[in-house]
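Quick note, the sequences are listed as chains A, B, C, D, E and F, same order. Numbered according to our numbering, the first sequence spans residues 8 to 137. Numbered according to our numbering, the second sequence spans residues 8 to 137. Numbered according to our numbering, the third sequence spans residues 8 to 137. Numbered according to our numbering, the fourth sequence spans residues 8 to 137. Numbered according to our numbering, the fifth sequence spans residues 8 to 137. Numbered according to our numbering, the sixth sequence spans residues 8 to 137. Idealized CB from N, CA, C, for every residue including glycine. Predicted model, so just to flag it, every value in this text is computed and none were measured. Below is one structure, written out as structure tokens; comments come after it.
Protein chains: 6
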Amino acid sequence: MSGGDEADRVRAFSEFRQRMNQRILAEDNQVVRRFFALDTQTYRAGALDVKTKELMGLVASMVLRCDDCISYHVAQCREAGVNRDEMFEAFSVALVVGGSIVIPHLRRAVDFLDRLESGVVGAAPAHDHG
Amino acid sequence: MSGGDEADRVRAFSEFRQRMNQRILAEDNQVVRRFFALDTQTYRAGALDVKTKELMGLVASMVLRCDDCISYHVAQCREAGVNRDEMFEAFSVALVVGGSIVIPHLRRAVDFLDRLESGVVGAAPAHDHG
Amino acid sequence: MSGGDEADRVRAFSEFRQRMNQRILAEDNQVVRRFFALDTQTYRAGALDVKTKELMGLVASMVLRCDDCISYHVAQCREAGVNRDEMFEAFSVALVVGGSIVIPHLRRAVDFLDRLESGVVGAAPAHDHG
Amino acid sequence: MSGGDEADRVRAFSEFRQRMNQRILAEDNQVVRRFFALDTQTYRAGALDVKTKELMGLVASMVLRCDDCISYHVAQCREAGVNRDEMFEAFSVALVVGGSIVIPHLRRAVDFLDRLESGVVGAAPAHDHG
Amino acid sequence: MSGGDEADRVRAFSEFRQRMNQRILAEDNQVVRRFFALDTQTYRAGALDVKTKELMGLVASMVLRCDDCISYHVAQCREAGVNRDEMFEAFSVALVVGGSIVIPHLRRAVDFLDRLESGVVGAAPAHDHG
Amino acid sequence: MSGGDEADRVRAFSEFRQRMNQRILAEDNQVVRRFFALDTQTYRAGALDVKTKELMGLVASMVLRCDDCISYHVAQCREAGVNRDEMFEAFSVALVVGGSIVIPHLRRAVDFLDRLESGVVGAAPAHDHG
Numbered sequence: 008m009s010g011g012d013e014a015d016r017v018r019a020f021s022e023f024r025q026r027m028n029q030r031i032l033a034e035d036n037q038v039v040r041r042f043f044a045l046d047t048q049t050y051r052a053g054a055l056d057v058k059t060k061e062l063m064g065l066v067a068s069m070v071l072r073c074d075d076c077i078s079y080h081v082a083q084c085r086e087a088g089v090n091r092d093e094m095f096e097a098f099s100v101a102l103v104v105g106g107s108i109v110i111p112h113l114r115r116a117v118d119f120l121d122r123l124e125s126g127v128v129g130a131a132p133a134h135d136h137g
Numbered sequence: 008m009s010g011g012d013e014a015d016r017v018r019a020f021s022e023f024r025q026r027m028n029q030r031i032l033a034e035d036n037q038v039v040r041r042f043f044a045l046d047t048q049t050y051r052a053g054a055l056d057v058k059t060k061e062l063m064g065l066v067a068s069m070v071l072r073c074d075d076c077i078s079y080h081v082a083q084c085r086e087a088g089v090n091r092d093e094m095f096e097a098f099s100v101a102l103v104v105g106g107s108i109v110i111p112h113l114r115r116a117v118d119f120l121d122r123l124e125s126g127v128v129g130a131a132p133a134h135d136h137g
Numbered sequence: 008m009s010g011g012d013e014a015d016r017v018r019a020f021s022e023f024r025q026r027m028n029q030r031i032l033a034e035d036n037q038v039v040r041r042f043f044a045l046d047t048q049t050y051r052a053g054a055l056d057v058k059t060k061e062l063m064g065l066v067a068s069m070v071l072r073c074d075d076c077i078s079y080h081v082a083q084c085r086e087a088g089v090n091r092d093e094m095f096e097a098f099s100v101a102l103v104v105g106g107s108i109v110i111p112h113l114r115r116a117v118d119f120l121d122r123l124e125s126g127v128v129g130a131a132p133a134h135d136h137g
Numbered sequence: 008m009s010g011g012d013e014a015d016r017v018r019a020f021s022e023f024r025q026r027m028n029q030r031i032l033a034e035d036n037q038v039v040r041r042f043f044a045l046d047t048q049t050y051r052a053g054a055l056d057v058k059t060k061e062l063m064g065l066v067a068s069m070v071l072r073c074d075d076c077i078s079y080h081v082a083q084c085r086e087a088g089v090n091r092d093e094m095f096e097a098f099s100v101a102l103v104v105g106g107s108i109v110i111p112h113l114r115r116a117v118d119f120l121d122r123l124e125s126g127v128v129g130a131a132p133a134h135d136h137g
Numbered sequence: 008m009s010g011g012d013e014a015d016r017v018r019a020f021s022e023f024r025q026r027m028n029q030r031i032l033a034e035d036n037q038v039v040r041r042f043f044a045l046d047t048q049t050y051r052a053g054a055l056d057v058k059t060k061e062l063m064g065l066v067a068s069m070v071l072r073c074d075d076c077i078s079y080h081v082a083q084c085r086e087a088g089v090n091r092d093e094m095f096e097a098f099s100v101a102l103v104v105g106g107s108i109v110i111p112h113l114r115r116a117v118d119f120l121d122r123l124e125s126g127v128v129g130a131a132p133a134h135d136h137g
Numbered sequence: 008m009s010g011g012d013e014a015d016r017v018r019a020f021s022e023f024r025q026r027m028n029q030r031i032l033a034e035d036n037q038v039v040r041r042f043f044a045l046d047t048q049t050y051r052a053g054a055l056d057v058k059t060k061e062l063m064g065l066v067a068s069m070v071l072r073c074d075d076c077i078s079y080h081v082a083q084c085r086e087a088g089v090n091r092d093e094m095f096e097a098f099s100v101a102l103v104v105g106g107s108i109v110i111p112h113l114r115r116a117v118d119f120l121d122r123l124e125s126g127v128v129g130a131a132p133a134h135d136h137g
């Protein structure tokens, strides 16, 4: 929650996410595996481009208040070319729709974005589920 | 909830929304009035265009499962040039992020979109709060 | 959802609520019955007075976006002496904490309050569960 | 919301759901179609039987407070052999986990269950998405 | 959030939960104490067995996205004889109902289950409130 | 999540909040800045006093289950003169409205309150957004 050891936290989280995703997909549960495949497919370019889809994923994650999902989509948005002003406009939509309860997540999102921009935190891997 | 008298329902709702918005804004509560002004300002073109912002508002409304907000943003999206395929891609993001609990709202959103496209339901008024 | 037949809707809802509460309490499920008893107990005067507790119940209902609960607590607040300006301040807290997604519920809450004040809708019964 | 014209409401809703599901599946959006297929697959017997899965779907729908989903799973539970006492125990879990905000949905669930048991409302169709 | 020091985290959390529950129950607030008693009563065998009730508690916790509640019910489910395949079917219901926003919680649930199965984390105590 | 290093965690969080709020307000996004100003304005004395407004903010934060917001409003409530019995009555309203899913947040709220009362954690700063 503090920003002090954020870089380590992000790295540890990234490894944890990769490891657990593999663990989950190794399980013999077809519904779960198909859901993960569908999640990946959702953000591919179609009638809407990847940038717009990732912005929608970001705003949805913010109003539902899931920090891991927010970090993930902030990184994906940056990969898709969303600049800082655009990111803050997405934040503003989430803040107004979702209310002040979104503010703690906004703070962590901005901190994460700062670290991405300063290079402390590496780029996101290819889409790998939430 | 049924589709049978949907057109009347939409008209009645539209009148109700206008009337109550006026009633609320006539009240001497500055926080509420400022919130309504801020809500309008949020969807104006800036670093992101109106179309992208309305799509974000639509997806946020769907994952938070508010029918009135969804209808409103579906109409606004159409005004901003979102076509049917794009609308369904926005629906698909909301469905995958928010889960099957979104499905009843998706059905009503598609019904509302069908009526907008067939001209049964008129265009949305200028942005007037949720 | 429209305001047109609101008075009938409120009366029908009130009868439905009474009838179903009796039906539920007649059932042989001790957990459900105890929960209903606990719900009633929660809003009794204690360290905080009834007015403050009903205002808290109102704001909680608004940010969780449950129209039936909102109507119920608006009526209870009025019984407890909450005036219109105070009611709107409670609305403003709910709006800022919960965001624009609360607006459709705010409209219906204000419409319900208008009807209570004009005498179209009768006073609330003693606390009877949500 | 009132119980008076509930039977008509249920019939109209059932027709609306069927019609809109067909409309949605006719659309050329693979993510949405795959999600609907996955939703159906989720409740098939596997390591857990259909009855247990439908009870889980019911409780999930109640704590997320979606009336259409609740009605759907109440009907499916009955088809799977859940009796009235068992149904109320599922209700009690949802009520305690989700709180008094669930009560309005509980009232409508019990009313729907009463109608199912009295034969006023017909059995549910095979699983067809939320 | 990372899996690295999860065992310590679980132990520390378990002690914290016990200590705070005692602290809360020592307080002179009858509503809170009665709620805790009711919570315990909810999961006792009745028309439905403990296993089914704990599975419903698990799915409710997942769609409401509360990690502490999920860990608690995963442990209780295991005590009640839920095997790994059954656990994943419960996860799949929660994932499909609640959407991709559930995925981060699913990862932590699977990590916790892995540790329970490997014996790193001890069995759950008797039901003690959330 | 454990209580062991809670004092450090609170201090680190407090510094993080201050720093990120400044960072966010320095950004050239008028909607976000206006929202923050509106959030501050919301809790000022008006028709209702500060104590009642902070109690409403506390209950709203608990039913929406945001730990940072809960800690913030617990501290603000204490500054506004809310005593321990009153605080627990606010907790009881949140618990009954929001259900057992609120319990983990209640535990952390009580731990935070204990530390405030023992002087381990300092008083809250003037209202500064969530």
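Using DSSP with H/G/I as helix, E/B as strand and the rest coil, what is residue i?
i: N28(D); result: helix
i: E22(E); result: helix
i: Y79(F); result: helix
i: G88(E); result: coil
i: L62(B); result: helix
i: E124(A); result: helix
i: G106(E); result: coil
i: M8(C); result: Confidence in M8(C) is poor, its pLDDT being 40 and thus under 50, which makes the residue's placement unreliable; the coordinate value appears in the next sentence. Coil at M8(C), not helix or strand.
i: H134(F); result: Below a pLDDT of 50, predicted positions are generally treated as unreliable, and H134(F), at 49, falls in that range; the measurement from the model is reported next regardless. H134(F) falls in the coil class under three-state DSSP.
i: E96(A); result: helix
i: A52(A); result: coil
i: L45(B); result: helix
i: R72(E); result: coil
i: D140(F); result: Nothing can be reported for residue 140(F), as the shown portion of chain F is limited to 8 through 137.
i: D15(C); result: helix
Compute the beta-carbon to beta-carbon distance between residue i and residue j, rounded to the nearest angstrom, for a pair I have assumed lies under 8 Å.
i: V70(E); j: A67(D); result: 5 Å
i: V100(C); j: M63(F); result: 5 Å
i: E96(F); j: N36(E); result: 7 Å
i: V104(C); j: S107(A); result: 5 Å
i: A54(D); j: D92(E); result: 4 Å
i: L45(E); j: V117(C); result: That belief does not hold up - the Cβ atoms of L45(E) and V117(C) are roughly 35 Å apart, past 8 Å.
Quick one: what's got a C-beta closer than 7 Å to residue i's C-beta in the same chain, skipping five residues either side?
i: A87(A); result: V57, K58, E61
i: H112(A); result: M69, R72, D74, I77
i: R40(C); result: L32
i: R85(F); result: L123
i: E22(B); result: none
Which residues in the same chain have their Cβ closer than 8 Å to the Cβ of residue i, if we skip the five residues on either side of it in sequence?
i: M27(F); result: none
i: S9(C); result: Annotation note: pLDDT 43 at S9(C) (below 50); position unreliable, coordinate value reported separately. Hits under 8 Å: none found.
i: Y50(D); result: V57, K60, E61, G64, Q83, H134
i: V43(E); result: According to the sequence as given, residue 43(E) is Phe; it is not Val. Counting only Cβ-Cβ distances below 8 Å, and skipping sequence neighbours, we find N28, I31, L32, H136.
i: F98(D); result: M69, L113, A116, V117
i: S125(E); result: none
Spatial neighbours of residue i within its chain, please: CB distance less than 6 Å, with the 5 preceding and 5 following residues excluded, ordered by chain position.
i: A19(E); result: none
i: R115(E); result: D74
i: F119(C); result: S78, V81
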